[in-house]
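Q: Shown below is the structure under consideration.
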Amino acid sequence: MKSAYWLGSKIKLRAPLKEDIHIFDTLDRDILKNLNSISFPRTRIQIQEWIDTISKTPSNESDDFYFIAEDEDENVIGTIETFDCDIKNGTFSYALSVFPSYRGKGFSKDMILTVLRYYFFELRYQKATICVYSFNNESITLHKNLNFVEEGRLRNMIYTNGSYFDEIYFGMTKEEFKCFYKVST
């Protein structure tokens, strides 16, 4: 039986599999740029080594995890990764990407809410923080619409595509999530 935590209203989350190499072979420049910066191309061997690393059983020392998101027809629509999971203080971060043909259809929102629900109510984290680059207007709008609070801006922190961009930090606490999404515990 699948856990309800891994099912959103439009997506389901799963662990990466070795055969997912095709997902990362086809990532477009826009997704890579929004995740970090434009980097050198990776070989299939490098991608396979990275998939081998992220598809290992997570350690008991960290709740960092890399999820593959699928729609109801099991089409891969994107990824969401949790990292900087601080068990002591109950804080974590995440990054997500959605393939171009699935953007603007509510999948990002569903991926985020699914991960927040799991980390807040199963793993007992109390706050999520996300960094969005200032050129990523879609993600800025998404997080504002999800009721994340803009907590700060670090100017000229990333250089990509010939320009410097700011990092904008958004946060949401478990209490805010419960209030905005009418969750009772």
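Per the numbering used here, the very first residue in the sequence shown carries number 81; after that it's consecutive. Built from N, CA and C at the ideal position, the CB exists for glycine as well.
For D143 and I91, I'd like the C-alpha separation in whole angstroms.
A: Here residue 143 refers to the residue found at position 63 of the sequence shown. Here residue 91 refers to the residue found at position 11 of the sequence shown. Roughly 21 Å separates the two Cα atoms.
Q: Does DSSP classify L196 as helix, strand or coil?
A: One-based indexing of the sequence shown puts residue 196 at position 116. It is helical.
Q: Looking only at C-alpha atoms, which of E202, G184, D100, I192 sits nearest to M252?
A: In the sequence shown, the residue the question calls residue 252 occupies position 172. Taking only the C-alpha atoms, the option nearest M252 is I192.
Q: Any heavy atom of the ligand SAH inside 6 Å of the beta-carbon of F145?
A: Among the ligands in the structure shown, none appear at all, so the ligand SAH cannot be discussed.
Q: Using only the alpha-carbon positions, how far apart do V156 and P96 sit?
A: As a position in the sequence shown, residue 156 is number 76, starting the count at 1. As a position in the sequence shown, residue 96 is number 16, starting the count at 1. If you take the alpha carbons of V156 and P96, they lie about 11 Å apart.
Q: Can you find the residues in the same chain that come closer than 6 Å, C-beta to C-beta, to E161, ignoring five residues on each side of it along the sequence?
A: Residue 161 sits at position 81 when you count from the first residue of the sequence shown. Cβ within range, chain order: Y146, A175.
Q: Taking 8 Å as the threshold, find out whether the stretch 223 to 234 comes into contact with the stretch 197 to 204 through three or more Cβ pairs.
A: The stretch 223 to 234 vs the stretch 197 to 204: no contact.
Q: Distance check for R233 and V263, CA to CA, integer angstroms please.
A: To locate residue 263, count along the sequence shown from 1; it is residue 183. To locate residue 233, count along the sequence shown from 1; it is residue 153. Taking the straight line from one Cα to the other gives about 30 Å.
Q: Can you name, in chain order, every residue of its own chain whose Cβ lies under 6 Å from the Cβ of Y244, other than the five neighbours on each side?
A: Position 164 of the sequence shown holds residue 244. Once the five neighbours on either side are set aside, the close Cβ partners of Y244 are N236.
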